[in-house]
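J.: Taking my numbering, the leading residue of the sequence shown gets 8, the next gets one more, and so forth. Questions regarding the structure given below will be posed in turn.
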Amino acid sequence: MAHTETHAGISAPERQVFGSGQNGVATIVAALRAWRRAVVGRKALAELTPDQLRDIGYPRDDIGHPQDNRPVLEIKAGLMTKLMSMR
């Protein structure tokens with residue numbers, strides 16, 4: 008009779024989440040700076056009027072006409088003929 012063994016391929020993580028020493032601190036500082044930039048950007052956008060947002064091209068659902076964001080379906084000449092021939 009054959010003998011088989013199974014081994015779990017799971018081991019403990021070798022590193023901590025943020026690395027170690029100065030690299031970990033640098034990672035945390037970079038993450039905090041990115042978070043702060045995101046917060047400042049959101050606050051700046053919140054202070055703009057709808058006209059200013061439209062001027063900079065920022066997409067908002069409540070700004071502009073509903074037709075602006077509507078998907079467009081382009082049908083080229085000969086499409087029906089091609090589809091019917093594929094049938």
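Quick reminder that beta carbons are idealized off the backbone N, C-alpha and C, glycines included.
Between isoleucine 70 and the rest of its own chain, which residues show a CB-CB distance below 8 Å, the 5 nearest in sequence each way excluded?
T.: Your numbering for residue 70 matches position 63 in the sequence shown. Reliability fails at isoleucine 70, whose pLDDT of 49 lies under 50, so the model's placement of it is uncertain and no value is given.
J.: Measuring straight from C-alpha to C-alpha, what distance separates methionine 87 and glycine 64?
T.: Position 80 of the sequence shown, counting from 1, holds the residue named residue 87. Position 57 of the sequence shown, counting from 1, holds the residue named residue 64. Cα to Cα, methionine 87 sits roughly 37 Å from glycine 64.
J.: Could you tell me the alpha carbon to alpha carbon distance between alanine 33 and tryptophan 42, rounded to whole angstroms?
T.: Looking up residue 33 in the sequence shown gives position 26. Looking up residue 42 in the sequence shown gives position 35. Near 14 Å, if we compare the C-alpha coordinates of tryptophan 42 and alanine 33.
J.: In whole angstroms, what is the alpha-carbon distance linking methionine 93 and alanine 53?
T.: As a first step, residue 93 must be located in the sequence shown, where it is residue number 86. As a first step, residue 53 must be located in the sequence shown, where it is residue number 46. Cα-Cα distance, rounded: 52 Å.
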